[in-house]
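Single-structure report; data block below.
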Amino acid sequence: MSRATVNVLLIVSTLYTLLPLTWLLFASTKSLSDLYSTPGFSFAGFNLFENIRAVAQEGDGVFFRWYLNSVLYAGLGAAVSSFVTVMCGYAFDKYSWFAKEKMFGLVLLGVLVPTTATAVPLYLLASKVGVVNTFWSVFVPVLVHPFGVYLARVLSAGYVPGEVLEAARSDGAGELRTFASVALPMLLPAYVTIFLFQFTAIWNNFFLPLVMLSDQRLYPLSLGLYGWEKQGNAFPEFHSLVITGSLLSVVPLLLVFVSLQRFWKAGMTAGSVK
1 MSRATVNVLL
11 IVSTLYTLLP
21 LTWLLFASTK
31 SLSDLYSTPG
41 FSFAGFNLFE
51 NIRAVAQEGD
61 GVFFRWYLNS
71 VLYAGLGAAV
81 SSFVTVMCGY
91 AFDKYSWFAK
101 EKMFGLVLLG
111 VLVPTTATAV
121 PLYLLASKVG
131 VVNTFWSVFV
141 PVLVHPFGVY
151 LARVLSAGYV
161 PGEVLEAARS
171 DGAGELRTFA
181 SVALPMLLPA
191 YVTIFLFQFT
201 AIWNNFFLPL
211 VMLSDQRLYP
221 LSLGLYGWEK
231 QGNAFPEFHS
241 LVITGSLLSV
251 VPLLLVFVSL
261 QRFWKAGMTA
271 GSVK
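Okay, so the sequence shown: first residue is 1 according to the UniProt record's numbering, each after it adds one.
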């Protein structure tokens, strides 16, 4: 295709991606009456701060409790999950053991299984352990990231030279020291990439909390906003709360991507053989 055609396709794709967010931005600035009486992509006054105040006051500030829950689930969960995933990918790449490839095949099978299909089995396991309706029932399952293991293995094979590891071992470094001091800095872009994938997936996670949680104080934002949306059928003012809350829920994703993009775009070979 010509350059002009490619540019047109990229522009159309970008506009299509930004269209819902743009509508959300316009809608969150409107009062409830203006929300239904004015065109979607138009301003009819600026009531954003009033809408945010209404969100903060609803349910004695439960929205920000959901916000904190989502930050813990997604932030802490993605950080731990990405670290474990990078270690697993590094081990699959650099070490040999019995039936390694068969085990890696099982990991790839995990990529093919949709998360919704595992929610009910996870609930039954959590029920046996006695952690249903707790923080751990949502936090522990998100630590498993099969696609991240595959990605970490591929990046480890490409960007962690075996010669560097052998040099570290020759200098007397143990395996843990070699991984932490030599391999992990080279895998930092891989860690950030996996972190971004996992953070987004956990932040948008809905079905697992829906199955696991009944205590509203443990809800993430996705589940809490869903509850408000259901109440909107009887109380229309909840529609305005859901729209403003949805806009606020996008902010952490934008901040994470903006703050980590320099690591994500950094040269994958930084720190390797010169």
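No residue lacks a Cβ here, since even glycine has one placed at the ideal position from N, Cα and C.
- In this structure, Val160 is the residue among Val160, Gly110, Phe43 and Thr134 with its C-alpha nearest to the C-alpha of Tyr90.
- Comparing alpha-carbon positions, the option among Asn205, Met87, Ser127 and Leu151 lying closest to Leu72 turns out to be Asn205.
- Between Gly77 and Leu143, the CB-CB gap stays under 8 Å.
- Two segments are said to touch when three or more pairs of C-beta atoms, one from each, lie closer than 8 Å; by this definition the region 247 to 255 touches the region 22 to 38.
- Per the C-alpha coordinates, the member of Phe147, Pro39 and Val113 positioned closest to Ser82 is Phe147.
- Of the other Cβ atoms in all chains shown, 16 or more fall within 10 Å of the Cβ of Met186; this residue is therefore buried.
- Note that the C-beta distance between Val86 and Ala180 is not below 8 Å.
- In summary, Phe43 is exposed, with fewer than 16 beta-carbon neighbours lying within 10 Å of its beta-carbon over all protein chains present.
- The Cβ-Cβ distance between Ala190 and Thr178 does not fall below 8 Å.
- Between Ile194 and His239 the beta-carbon gap is near 36 Å, outside 8 Å, which marks them as no contact.
- For Phe207, the CB contacts under 8 Å within the same chain, skipping 5 residues up- and downstream, are Thr115, Thr116 and Ala119 in chain order.
- In the DSSP assignment, Ala157 falls within the unbroken alpha helix (DSSP H) covering Pro146 to Tyr159.
- For Ile11, the number of other beta carbons within 10 angstroms of its own is below 16, and it is reported as exposed.
- With contacts defined as CB atoms closer than 8 Å, Thr14 and Phe41 fail to qualify as a contacting pair.
- As for any alpha helix (DSSP H) of minimum length 4 sitting wholly inside the region 202 to 262, the runs are 207 to 212 and 221 to 231, ordered along the chain.
- Setting aside the 5 residues that flank it on each side, Leu253 is surrounded in the same chain by Phe199, Thr200 and Trp203, each with a C-beta closer than 8 Å to its C-beta; the list follows chain order.
- In terms of Cβ geometry, Val111 and Tyr150 form a close pair [threshold 8 Å].
- Per DSSP, the unbroken alpha helix (DSSP H) holding Lys102 starts and ends at Lys100 to Leu112.
- By the criterion of a C-beta distance shorter than 8 Å, Leu213 is surrounded in its chain by Asn133, Ser137, Val138, Tyr219 and Leu223, once the five residues flanking it on both sides are discounted.
- Under the DSSP assignment, Val131 falls outside any alpha helix (DSSP H); it carries neither an H nor an E label.
- The C-beta distance from Val55 to Gln216 rounds to 15 Å, too long to meet the 8 Å contact threshold.
- Using a Cβ distance threshold of 8 Å, Leu48 and Pro236 do not count as a contacting pair.
- Counted as a single uninterrupted DSSP element, the stretch harbouring Asn47 is not any alpha helix (DSSP H), since DSSP gives it neither H nor E.
- With at least 16 other beta carbons inside 10 angstroms of its own, Ser70 counts as buried.
- Between Gly75 and the set Gln261, Arg262, Val256 and Ser96, the nearest pair of CA atoms involves Val256.
- By the Cβ neighbour-count rule, Ala4 is exposed, with fewer than 16 other Cβ atoms within 10 Å of its own.
- In terms of Cα proximity to Arg262, the closest of Leu210, Leu196 and Gly45 is Leu196.
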